[in-house]
Structures are given as structure tokens and as C-alpha cells.
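Everything below concerns the one structure shown next.
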Amino acid sequence: MKFTRLVFIAFVMSSLALALTQVAVSAECVITDLQVCMGAVSGSPPSTECCAKLKETQSCFCEYAKNPLFAPYIPAAKQILATCGLPIPSC
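Count the sequence shown with mature numbering (1 follows the signal peptide of the UniProt record, and there is no 0) and you get residues -19 to -1, 1 to 72, in order.
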């Protein structure tokens, strides 16, 4: 009985840790942080602030790319990344 209880507690703790990790990663990726790049999406050259924000949020690119709402912006995003000298992620 004690072993079963110990296994159950370990399972709950590991599940909770995994869930909290996923929430923390998602909390860091806030698309509105990239509003400074909207001019570049419309065809203007990316600003220094835009490039800095993109460099800061590189770990979020694949998460953004998986969202179907952002699919129309991917071609412009690739061009902006290239202009900013940032690598295009392979997800």
C-alpha cells in the first residue's frame, strides 16, 4: 500500500512539474511583444528595436509558426529575419 501511494505521489509531482514548465514557456512567448515589427511586416525595413525584439524572442519562433493564425505572416517574417541577420528556424 505504501509503495502504491509513493508511486502515485511521484506521478502527481512529475505531472505538476511538467505542466508548470509548459505554462512558463508559453508565458514567455507573447506575440504582442512583436508589435514593433508590424511596419516591417507591411513592407518597411525592420527597425533596430524590431530586430532586437526578434533576437530576444527567437526561442518562440517555432511556437508562433505552429499557430495557423500566423501562417500568412511567415513569408514576411522570413524576410525580416534575414534582414535582421537572424537565422530562420527549422522546426
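The beta-carbon is built from N, C-alpha and C at its ideal position, and this holds for glycine as well.
State the DSSP-derived secondary structure class of residue i, mapped to helix, strand or coil.
i   : result
P27 : coil
S40 : helix
L35 : helix
K47 : coil
L67 : coil
Can you name the start and end residues of the alpha helix (DSSP H) that residue i belongs to?
i   : result
V22 : M19 to V22
For residue i, does the count of other Cβ atoms within 10 angstroms reach 16, so buried, or fall short, so exposed?
i   : result
S40 : exposed
A21 : buried
C31 : buried
A58 : buried
C65 : buried
L62 : buried
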